[in-house]
Structure formats: structure tokens, C-alpha cells
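K.L.:
Chains as they are written, first to last, in this note's numbering: chain A, 1 to 243; chain B, 244 to 486.
Using N, Cα and C, we set each Cβ at its ideal position, and we do this for glycine too.
Since we're looking at a predicted model, the values are computed, not measured.
1. When the cut-off is 8 Å and only beta carbons count, does residue 282 of chain B lie next to chain A?
2. Does the beta carbon of residue 182 of chain A come closer than 8 Å to any beta carbon on chain B?
3. Taking C-alpha atoms, which residue in A:117, A:189 and A:24 lies nearest to residue 140 of chain A?
4. Please go through the stretch 138–165 of chain A and give each complete beta strand (DSSP E) segment of 3 or more residues, from N-terminal end onward.
5. Beta-carbon of residue 8 of chain A versus every beta-carbon of chain B: anything under 8 Å?
6. Are the C-beta of residue 363 of chain B and some C-beta of chain A separated by less than 8 Å?
7. When Cβ atoms are compared, which residues of the stretch 338–366 of chain B fall closer than 9 Å to chain A?
8. Show which residues of chain B have a CB atom less than 7 Å away from the CB atom of residue 197 of chain A.
9. Please list the partners that residue 151 of chain A has in chain B, where partner means a Cβ-to-Cβ separation under 9 Å.
10. By DSSP, does residue 125 of chain A sit in helix, in strand, or in coil?
11. Measuring CB to CB, does residue 439 of chain B end up less than 8 Å from residue 455 of chain B?
12. Under 7 Å Cβ to Cβ from residue 89 of chain A, same chain only, skipping five residues before and after it: list those, please.
13. Starting from the C-beta of residue 98 of chain A, find all residues in its chain whose C-beta is less than 6 Å away, skip the five residues before and the five after it, and write them out in chain order.
14. DSSP has residue 273 of chain B in a bridge; who is on the other side?
15. Decide if residue 415 of chain B is buried, meaning its Cβ has at least 16 other Cβ atoms within 10 Å, or exposed.
16. Could you pull the start and end residues of the beta strand (DSSP E) that residue 3 of chain A belongs to?
17. Could you name the residues of the same chain whose beta carbon sits closer than 6 Å to that of residue 453 of chain B, not counting the 5 residues immediately before and after it, in chain order?
18. Alpha carbon to alpha carbon, how far is residue 70 of chain A from residue 457 of chain B? Give it in angstroms, no decimals.
19. Express the C-alpha separation of residue 54 of chain A and residue 355 of chain B in angstroms, rounding to a whole number.
20. Rounded to a whole number of angstroms, what is the C-alpha to C-alpha distance between residue 51 of chain A and residue 243 of chain A?
21. Nearest CA to the CA of residue 190 of chain A: which residue from A:204, A:207 and A:154?
22. Ignore the nearest five residues each way along the sequence and tell me which others in residue 338 of chain B's own chain have a CB closer than 6 Å to its CB.
23. For a test of the three-state rule: what should DSSP assign to residue 245 of chain A, helix, strand or coil?
24. DSSP has residue 341 of chain B in a bridge; who is on the other side?
25. Residue 24 of chain A CB to nearest chain B CB: under 8 Å?
26. Mapping DSSP to helix, strand and coil, what is residue 83 of chain A?
27. Could you give the residue range of the alpha helix (DSSP H) that holds residue 200 of chain A?
28. Between residue 412 of chain B and residue 375 of chain B, is the Cβ-Cβ spacing less than 8 Å?
29. Assuming residue 265 of chain B is part of the alpha helix (DSSP H), what are its boundary residues?
30. What does DSSP give as the partner residues of residue 226 of chain A in its beta bridges?
31. Could you give the distance in angstroms between the alpha-carbon of residue 129 of chain A and the alpha-carbon of residue 271 of chain B?
32. Ordered along the chain, which non-local residues of its own chain (more than five positions away) have a Cβ less than 6 Å from that of residue 152 of chain A?
33. Identify the contact partners of residue 148 of chain A in chain B, using a Cβ-Cβ distance below 8 Å as the criterion.
34. Please list the terminal residues of the continuous alpha helix (DSSP H) segment that includes residue 419 of chain B.
35. If you run the structure through DSSP and keep just helix, strand and coil, what is residue 215 of chain B?
36. Using C-beta distances below 7 Å, list every residue in its chain close to residue 256 of chain B, excluding the 5 sequence neighbours before and after it, in chain order.
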């Protein structure tokens, strides 16, 4: 079995893909499903998200969450905050998500991956176990990064996932996995690593330090968002459900 | 002053760029110039390299060096081996180089960079000092990687360069630099890091382990290949001279 860590999305994934965008898309995705959402629709653009809301949807069966540059998108109901998500009840609702990097990474993964899962630090152990049980040839951990630059927080989380996976079985590992493991073992504890990342610093500057602390919790959830059969999802979206 | 490490070529470099392809293009480039070559012409494709050789160039004022998949290119005079280069005398010759990743990275750097230098472990200290003396706003260390995947050997070398730079002055650093510094400090000595990289292992398997050991020497040369004024170079090539 191969274990591969792409420090930025690359494509060409043949088997299981774990998409990682710790600050904050995949952390928030886990929180939405933890709080009862029936599913998540990840769109490539904010416009696709806005177009999904039916006219006069007073019951708000669809809620929109997302960000650009860390800030909420006009017309959306929620930002991309796991703290905000964890304080709400989404029972019976579907959350449409669009974020700067995480949703793109998920779309890249879905082009070829047989099984696409969303992973964060908060669900790291469960995500690693699920990936191991599904994989037949390769597990690829894909770091979303920030605007095509490698993000320390995602590489750190990839190292945490890789450590769990190596404890579950034998893998041949690539240079990306070697780098992620070295970062995980030498970049401090999760809150230190996430806070010192450029993205963590920016969120702190925007008054969103609580989200960074939330995202630094390790394996507090057993919920793994799993890409559902495509037939189920509107065009241009990926539907994830609790797995 | 900003210090930025791109674990893969990204583009958009405003100031000084250090291009790193330790196994083996930038290491070999230093060796060619050490052994007397007047200049290096880096081409984007092997065909551009072959077309540069004049008909009936018996004196061989132009020699061709390069590789694909680690092996010499048909019609070329040399592979991409620093050991081979270091054993020859290139006085009075210009070397046309084309390699799988390093020459592409140099072309990406040259699109916007004001000063483009080639760096390896062998010239790391000299390259860092030269970069520092030229820079006015940013030094970008650009890892060539291998076929769009991050290479441990390049990230390690970027960390060595970053350490030298941090000893030369104050920098604000990005996540790529943080990652490279952590790898440099925790991935063993140079020969361990290069040998354990996927690319190092492949070269070893091709019988090119001597090249890996050569490339793992740190700061044995004070020669820094510097991109020369473009007017001097044939179309589609970049000309580097000893700086």
C-alpha cells in the first residue's frame, strides 16, 4: 500500500483521497455534519452556491456557508467558521459550502479518486481508519494550501494523519509524507503549529483566533465526510454525507 | 526583507530568485562553470538544445548536457552528472543544458525575477551571500521538485540556504521557509537526506549514487551561476555565467 502526501493539490489520484484544509473548510465541514446537517454541497464558485437556493425558500432547507479571504461572502448565511457552525443546529438542512481553497481541492480529488473523504485534525483518527479500510492501493493525503502556496497547518495535519496510518499498517511513503511526518514531529503541538502558520496568523488578525484553537483539537470527532454518489448532487457540486 | 520558499515553482517573483534542483541540475551547473565553461544555456526542451549546435561544429564550442528520467538524452554529449562534469575541462566552451525539472524552474523564475541565481548544496553559502547582497525586497528560494511533486532533497537544500540567510540579516519568513528550516534541522545530515529522497533512491538504483554523494557536499564551491542579460542568449534559452 502506498501513502502519498501532496503538499498542494496535484490530481491523478487512483484510489482513496483525504482532502485537508484545516483552516478552516474541512474542520467546518465536520462541524456542520456533527450538528445534524443532512449533507454538504461543495461548489467551485460562490455563484453556483447562490444559484442553488430556491426562490422563496423560507424554510431555508439550504443554507450557504463560505468565505473569501477569510471573510463571509455577501448573500451567504454563514462564514467558514467551525466555532459558528458548532453553535448551531443544522438538523434537516443541507449546507452549501464554497471556500477559497478547500472546495477546489475536493473537486480536484473527485476528478479521479474512488473514495474522497474530508479530513481535519478534529476527525484525524477516524479519517485515517476509514481511509485504511477503503484503500486497495493508495491513500493520498491532499493539502489544500492557500492560493497555491503550501500551508504549514495542512502539512502538519497531513503528518498527524500519516502517523495514524503508519500505526494501522505497512505503507511505502513518498517525499511528501516524509516531509509531513517530520513537520508533525518537530513543529510543536497543534495549537503552536496552527497559530504560527501564515493562515493562522491572518485569522488571528481578523479576530478569528477561536477558530484556530477549535481547529487545533485532535480527534475529538468520529465523523468523516464522505463523497456520495454523484447522481445525487446538483451539477457543479460535490455532495458529502456523514460516513 | 521577505524570505519565501516555494516547495514547487509558482511564479510571480519580484526580486531575487534562488533556483534549487540539487539532484542534479543546479549541482551540475556549478560544476560546469567550476571546470571552466564560459556560460550555460538552459533550454526548455531537448529539441531547442539540439538545434543550437551549428552544422559541422567540429571544435565543439557548444556541448550539450542533459537528461530525461535520469538518463542521458540521445544526441547529447553529457548526461546531467556533476561527477562527470567535474572530471572534464570545459574551458572555452558553452554548455547547453536541458533537464527534466531544473531548467523549467529556471525559466519560471526568469519570467519575473530581477536576479536569478542557481543554487545547490555545493555552493549554498556563496549563493546565500550573493542573494542577500542583491535583494531589495524579497529572496525567493524555488525548489524544482520532480514532475510537479515536492522533492525532499530540494526542500532540505532550501533549508540550508534559509539558515545561511537568517544568519545574514532579518527576514520575515513564509510557511515554506518554516517547513524547509524544520526539514533541514530534522532530516539528518545532507547525505542521509539526499539518499532517502525518492529521487536519490532512484539515482542510486540507476548506478548514479556517486552523483548523490557529490551533491551532498555543502559549500565546497564559491561559484554562483547568475542569469546574464537576455540580449546575449539565443531565443528560448537562458544564459547563466559565473558570478
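P.N.:
Result, derived from the coordinates:
1. no
2. yes
3. Between residue 140 of chain A and the set A:117, A:189 and A:24, the nearest pair of CA atoms involves A:117.
4. 138–143
5. yes
6. For residue 363 of chain B, the nearest beta carbon of chain A is not closer than 8 Å to its own beta carbon.
7. none
8. 418
9. Within chain B, the residues near residue 151 of chain A are 418.
10. helix
11. no
12. 35 and 36
13. 43, 46, 49 and 66
14. None, per the DSSP bridge assignment.
15. By the neighbour-count rule (16 or more Cβ atoms within 10 Å), residue 415 of chain B is not buried but exposed.
16. 2–6
17. 326
18. 46 Å
19. Going from the Cα of residue 355 of chain B to the Cα of residue 54 of chain A covers about 46 Å.
20. 27 Å
21. A:154
22. 275, 280, 283, 306 and 308
23. In the structure as shown, chain A starts at 1 and stops at 243, and residue 245 of chain A therefore has no counterpart that could be examined.
24. B:309
25. no
26. helix
27. 198–205
28. yes
29. No alpha helix (DSSP H) holds residue 265 of chain B; DSSP gives it neither H nor E.
30. A:117 and A:241
31. 44 Å
32. 197
33. 253
34. Element bounds for residue 419 of chain B: 418–429.
35. Within the shown structure, residues of chain B are numbered from 244 to 486, placing residue 215 of chain B beyond reach of any answer.
36. Taken in chain order, the residues that qualify are 352, 355, 356 and 383.
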